[in-house]
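Q: Be aware that the sequence shown starts at 224, since it is given in our numbering, and climbs by one per residue. Backbone N, C-alpha and C define an ideal beta-carbon position, used for all residues, glycine too. Provided herewith is a single structure, encoded as structure tokens, for subsequent inquiry.
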Amino acid sequence: MVQAGDATRTAADVVVVGGGGAGLAAASAAAELGRHVILLEKNPDLGGSTAWSVGSVSATCTPHQIGKGIKDCPEHHLEDLMRFSGELVHRDNLSLARVLTENTSAMFRWLLAMGLVFVGPFPEPPHRQPRMHNVLPNSKAFPYLLGRHCRGLGVDIRLNVRADQLIADAGRITGVAATLPDGRRHDFIAQGGVVLAGGDFSASRELKAKYASEEVAAVDAVNPTSTGDGIRMALERGAVVVNGDHLRGPIMRFVPPLRPKLIQRLPPLHPLTLAMRWSFDHLPAWLLRPFLMSFLTTALAPSHDLFRHGAILVDMDGVRFADERNRPDRAAAKRRGGMAFIVFDKLVADQFSSWPNFISTAPAVGYAYLDDYRRTRRDIFHRAGTLAELAARMDVPRDGFEKTVADYNAGKEVHGASVRGTRPAVAVPPFYALGPAKAYIIFTNGGLKVTERLEVVNAAGAVIPGLYAAGSNGQGGMLLEGHGHHLGWAFVSGRIAGRHAALSARKASLIG
Ligand SMILES: Cc1cc2nc3c(=O)[nH]c(=O)nc-3n(C[C@H](O)[C@H](O)[C@H](O)COP(=O)(O)OP(=O)(O)OC[C@H]3O[C@@H](n4cnc5c(N)ncnc54)[C@H](O)[C@@H]3O)c2cc1C
224 MVQAGDATRT
234 AADVVVVGGG
244 GAGLAAASAA
254 AELGRHVILL
264 EKNPDLGGST
274 AWSVGSVSAT
284 CTPHQIGKGI
294 KDCPEHHLED
304 LMRFSGELVH
314 RDNLSLARVL
324 TENTSAMFRW
334 LLAMGLVFVG
344 PFPEPPHRQP
354 RMHNVLPNSK
364 AFPYLLGRHC
374 RGLGVDIRLN
384 VRADQLIADA
394 GRITGVAATL
404 PDGRRHDFIA
414 QGGVVLAGGD
424 FSASRELKAK
434 YASEEVAAVD
444 AVNPTSTGDG
454 IRMALERGAV
464 VVNGDHLRGP
474 IMRFVPPLRP
484 KLIQRLPPLH
494 PLTLAMRWSF
504 DHLPAWLLRP
514 FLMSFLTTAL
524 APSHDLFRHG
534 AILVDMDGVR
544 FADERNRPDR
554 AAAKRRGGMA
564 FIVFDKLVAD
574 QFSSWPNFIS
584 TAPAVGYAYL
594 DDYRRTRRDI
604 FHRAGTLAEL
614 AARMDVPRDG
624 FEKTVADYNA
634 GKEVHGASVR
644 GTRPAVAVPP
654 FYALGPAKAY
664 IIFTNGGLKV
674 TERLEVVNAA
684 GAVIPGLYAA
694 GSNGQGGMLL
704 EGHGHHLGWA
714 FVSGRIAGRH
724 AALSARKASL
734 IG
């Protein structure tokens, strides 16, 4: 075991870049094998996109499935995962997808052993069985509990330390050059290996332009610190990105609350989450919903069914700009701030107050209706007796807004926006607006090309010794469609990468 250092270098067996789901899983797997592990996290807190996520994890043969008498297997999961990829299935990475599906059961049980609590499984076609498990009370539970586990194992977690460059010696990756909180450079030397787990590149203009398009490059990411540092560092050492053009977005999501409520900052302690789970199974939904919804910390996406039923979209100037029924998210991305309001009247409001018309899917409660927003998101819920009052509540110019709705109701052709056609007019008070919703890139799917051991390979297909990648960095061309596969991959691949980096440290120490 290595444990040495001076003012400018610190040595370890394994160095992990990134403290999201994949990095924490990698660090814990290496530390469980007795290795000295340093984890570098550039932000003040652990979590990354893992903590932004809805928190769904798709898995088979879990205690939850078994408890409900659901018979399932990894092979069926793999087949269904490929069905999600549809016509892009030829671009998917079947061998890595097999690694994922064969390991979800063990990964899920490991999460349970860490103290994580889930509800579900929920159905999600074309999965032939319910496989989606949702974490309680929200996805911040992952970094909280995995971070605690890592610290317990002795992982040296360094917050506010940014990894900048990989250090190499005779073709082998031997460490990471990083910037300390006070701005000084520091080298973290890894005897066994470096695991890159720095998240996706949804917030990197440069990488989005390189792999996707200039149009996408201009759209903000949900997670502004997902700048693809791990990918960039590996590219500098000859690695390659697979399926870099494949991403989720632009998609409109309601902007997150400006300040999290006190309840959202509560640590996910076991008694609290177990009580929530018990309530989920035993209390009537009407009593439980407001409580579960109040824990929501992620940005939810409005259902496009709202537009099919007659809701319209207006920008921050109160002007319509798109055919709401035909992927309006891209058009919204080009408006001021990339933002828009969803506007409708009583008729639509009544329909979206109960199943089957929901405003958005929501973790824990499954589906959120208009009343859920009224109770838990007053910052983005606006209601008024007249359009003029509604404009004031939305803080958009009143005249422009009233004209927009009048033109729409009259079936006028307006530049950039579709005619109303057979859709109902926005005419019956009270009037409602939800928003703003902002067009975001949710995540990018391009990952480094890796082996099944999560070793990073170069353009010629040769392993770059000492370099591993996990989670989004090690996605290796998998599309991971459907819900709950990205988090699943972060944990599964992190565990594998951490284990192999640890084993490689042992080999190095035996040789040394
Ligand atoms: C809004 C939203 C909802 C989602 N919902 C789901 C869901 O319900 N289910 C699902 O399966 N997937 C979901 N996803 C996707 C999923 O969250 C991610 O794919 C997954 O969390 C990636 O894990 P990761 O560990 O690879 O990256 P991250 O969790 O992003 O962790 C990367 C970490 O590395 C750190 N880092 C980056 N660069 C450096 C550097 N230079 N030095 C040091 N540290 C660095 C980052 O700060 C971050 O903490 C969602 C994503 C978003 C944005």
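So P688 is in the beta strand (DSSP E); what residue range does that whole segment cover?
A: Counted from its first residue, the sequence shown places residue 688 at position 465. That run of the beta strand (DSSP E) goes V686 to A692.
Q: By the three-class DSSP mapping on this structure, what secondary structure does L263 have?
A: To locate residue 263, count along the sequence shown from 1; it is residue 40. Three-state DSSP puts L263 in a strand.
Q: Using a Cβ-Cβ cutoff of less than 7 Å, which residues in the same chain neighbour A591 once the five nearest sequence positions on both sides are dropped?
A: Walking along the sequence shown from the start, residue 591 turns up at place 368. If we look at A591 and ignore the five residues flanking it on each side, its Cβ neighbours are M516, L523, F581, I582, S583 and A585.
Q: Looking at the structure shown, is E678 part of a helix, part of a strand, or coil, going by DSSP?
A: What you label residue 678 is simply residue 455 of the sequence shown in a count that begins at 1. DSSP places E678 in strand when its eight states are reduced to three.
Q: Where R600 and P480 are concerned, what is the direct C-alpha to C-alpha distance, given to the nearest angstrom?
A: Walking along the sequence shown from the start, residue 600 turns up at place 377. Walking along the sequence shown from the start, residue 480 turns up at place 257. Each residue's Cα considered, the two are about 8 Å apart.
Q: Is there at least one non-hydrogen atom of ligand 1 closer than 8 Å to the beta-carbon of S577?
A: Locating residue 577 in the sequence shown gives position 354, counting from the first residue. Not so, every heavy atom of ligand 1 lies at least 8 Å from the Cβ.
Q: At a cut-off of 8 Å, is F666 close to ligand 3 when judged by its beta-carbon and the heavy atoms of the ligand?
A: Although ligand 3 was asked about, the structure shown includes only ligand 1 as ligands.
Q: Does the distance from the C-beta atom of G623 to that of S279 stay below 9 Å?
A: Taking the sequence shown and counting its residues from 1, one reaches residue 623 at position 400. Taking the sequence shown and counting its residues from 1, one reaches residue 279 at position 56. Against a cut-off of 9 Å, the Cβ pair of S279 and G623 comes out as no contact.
Q: Would you mind working out which of E347, L368 and V312 sits nearest L339, comparing C-alpha positions?
A: For this step, residue 339 is matched to residue 116 along the sequence shown. Closest by alpha carbon: L368.
Q: Just curious, the beta strand (DSSP E) that K661 is in, first and last residue?
A: Counting from 1 along the sequence shown, the entry for residue 661 is found at position 438. That run of the beta strand (DSSP E) goes F654 to Y663.
Q: Can you grab the Cα-Cα spacing for the pair A713 / P473, in whole Å?
A: Along the sequence shown, one-based indexing puts residue 713 at 490. Along the sequence shown, one-based indexing puts residue 473 at 250. About 23 Å.
Q: Comparing alpha-carbon positions, which option in A534, L671 and A662 lies nearest Y655?
A: For the purposes of this step, residue 655 is taken as the residue at position 432 of the sequence shown. Among A534, L671 and A662, the Cα nearest to that of Y655 belongs to A534.
Q: Note down the Cα distance separating A692 from D573, rounded to an integer number of angstroms.
A: In the sequence shown, the residue the question calls residue 692 occupies position 469. In the sequence shown, the residue the question calls residue 573 occupies position 350. Near 49 Å, if we compare the C-alpha coordinates of D573 and A692.
Q: Regarding K265 and ligand 1, is the C-beta to nearest heavy atom distance less than 8 Å?
A: Locating residue 265 in the sequence shown gives position 42, counting from the first residue. Yes, the Cβ of K265 comes within 8 Å of a heavy atom of ligand 1.
Q: If distances are taken between C-alpha atoms only, which option among H287, E302 and H350 comes closest to L335?
A: In the sequence shown, residue 335 corresponds to position 112, counting from 1. Selected option, being the one with the closest Cα: H287.
Q: Which same chain residues end up closer than 8 Å to A614 when comparing Cβ atoms and leaving out the 5 residues on each side of it in sequence?
A: Counting from one through the sequence shown, the residue named residue 614 turns up at place 391. Only G541, P620, R621, F624 and E625 meet the Cβ criterion.
Q: Which two residues bound the contiguous alpha helix (DSSP H) that contains Q288?
A: Position 65 of the sequence shown holds residue 288. Per DSSP, Q288 belongs to the alpha helix (DSSP H) from P286 to G290.
Q: Quick one: any contact between the segment 228-242 and the segment 370-389, if contact means 3 or more CB pairs under 8 Å?
A: Flag = yes, the segment 228-242 and the segment 370-389 touch.
Q: Going by C-alpha to C-alpha distance, which of L710, G705, T283 and N357 sits closest to T185?
A: Summary: the structure shown does not reach residue 185, with the chain confined to residues 224 through 735, and so no result is reported for it.
Q: Check each candidate in R559, T674, R553 and R543 and name the one with the smallest Cα separation from V649.
A: Indexing the sequence shown from 1 puts residue 649 at position 426. Nearest C-alpha to V649: R543.
Q: Rounded to whole angstroms, what is the Cα-Cα separation between A234 and I412?
A: Along the sequence shown, one-based indexing puts residue 234 at 11. Along the sequence shown, one-based indexing puts residue 412 at 189. Computed Cα separation, rounded: 4 Å.
Q: In terms of DSSP beta bridges, what is S272 paired with?
A: The count along the sequence shown starts at 1 and reaches residue 272 at position 49. In DSSP, S272 forms no bridge with anything.
Q: Helix, strand or coil for I535 per DSSP?
A: Translated into the one-based positions of the sequence shown, residue 535 becomes position 312. I535 falls in the strand class under three-state DSSP.
Q: To the nearest angstrom, how far is it from the Cα of D595 to the Cα of V478?
A: Reading the sequence shown from its first residue, position 372 is the one you call residue 595. Reading the sequence shown from its first residue, position 255 is the one you call residue 478. Using only the alpha carbons, I get a separation of about 16 Å.
Q: May I have the straight-line CA-CA distance separating S502 from P647, to the nearest angstrom?
A: Residue 502 sits at position 279 when you count from the first residue of the sequence shown. Residue 647 sits at position 424 when you count from the first residue of the sequence shown. One C-alpha to the other measures close to 40 Å.
Q: What span of residues does the alpha helix (DSSP H) with F581 cover, start to end?
A: In the sequence shown, counting from the first residue as 1, residue 581 sits at position 358. Neither: F581 is in no alpha helix (DSSP H) and is coded neither H nor E.
Q: Along the beta strand (DSSP E) that carries S281, what are the first and last residues, could you check?
A: Translated into the one-based positions of the sequence shown, residue 281 becomes position 58. It spans S279 to S281 - the beta strand (DSSP E) in which S281 sits, taken as one unbroken run.
Q: Name the two residues that bound the continuous beta strand (DSSP E) containing P480.
A: Translated into the one-based positions of the sequence shown, residue 480 becomes position 257. First-last for P480: undefined, no H or E at that position.
Q: Take the Cβ of D295 as the centre, count every other Cβ of all protein chains shown within 10 Å, and call the residue buried at 16 or more, exposed below.
A: Reading the sequence shown from its first residue, position 72 is the one you call residue 295. Its Cβ being crowded by 16 or more others within 10 Å, D295 is buried.
Q: Please tell me whether, using a cut-off of 8 Å, the distance from the CB of D630 to the nearest non-hydrogen atom of ligand 1 is below it.
A: Along the sequence shown, read from residue 1 onward, the residue named residue 630 stands at position 407. For ligand 1, not one heavy atom lies less than 8 Å from the Cβ of D630.
Q: Which of the three DSSP states, helix, strand or coil, is assigned to M562?
A: Counted from its first residue, the sequence shown places residue 562 at position 339. Strand at M562.
Q: Measuring from the CB of D552, is there a heavy atom of ligand 1 at a distance below 8 Å?
A: Numbered from its first residue, the sequence shown carries residue 552 at position 329. No, since every heavy atom of ligand 1 falls outside the 8 Å radius drawn around the Cβ of D552.
Q: Since R408 sits in a beta bridge, which residues does DSSP pair it with?
A: By one-based count along the sequence shown, residue 408 stands at place 185. Beta-bridge pairing links R408 to T402.
Q: Closest to A391 by CA distance: which of A457, R428 and R332 is it?
A: Along the sequence shown, read from residue 1 onward, the residue named residue 391 stands at position 168. Nearest of A457, R428 and R332 to A391, Cα basis: A457.
Q: Tell me, to the nearest whole angstrom, how far the beta carbon of G736 is from that of A252; I am working on the premise that it is less than 8 Å.
A: Here the chain comprises residues numbered 224 to 735, so residue 736 is not present and cannot be evaluated.
Q: Verify whether the separation of the beta carbon atoms of F575 and L536 is less than 9 Å.
A: On the sequence shown, residue 575 is found 352 positions in, with the first residue counted as 1. On the sequence shown, residue 536 is found 313 positions in, with the first residue counted as 1. Cβ atoms of F575 and L536: not closer than 9 Å.
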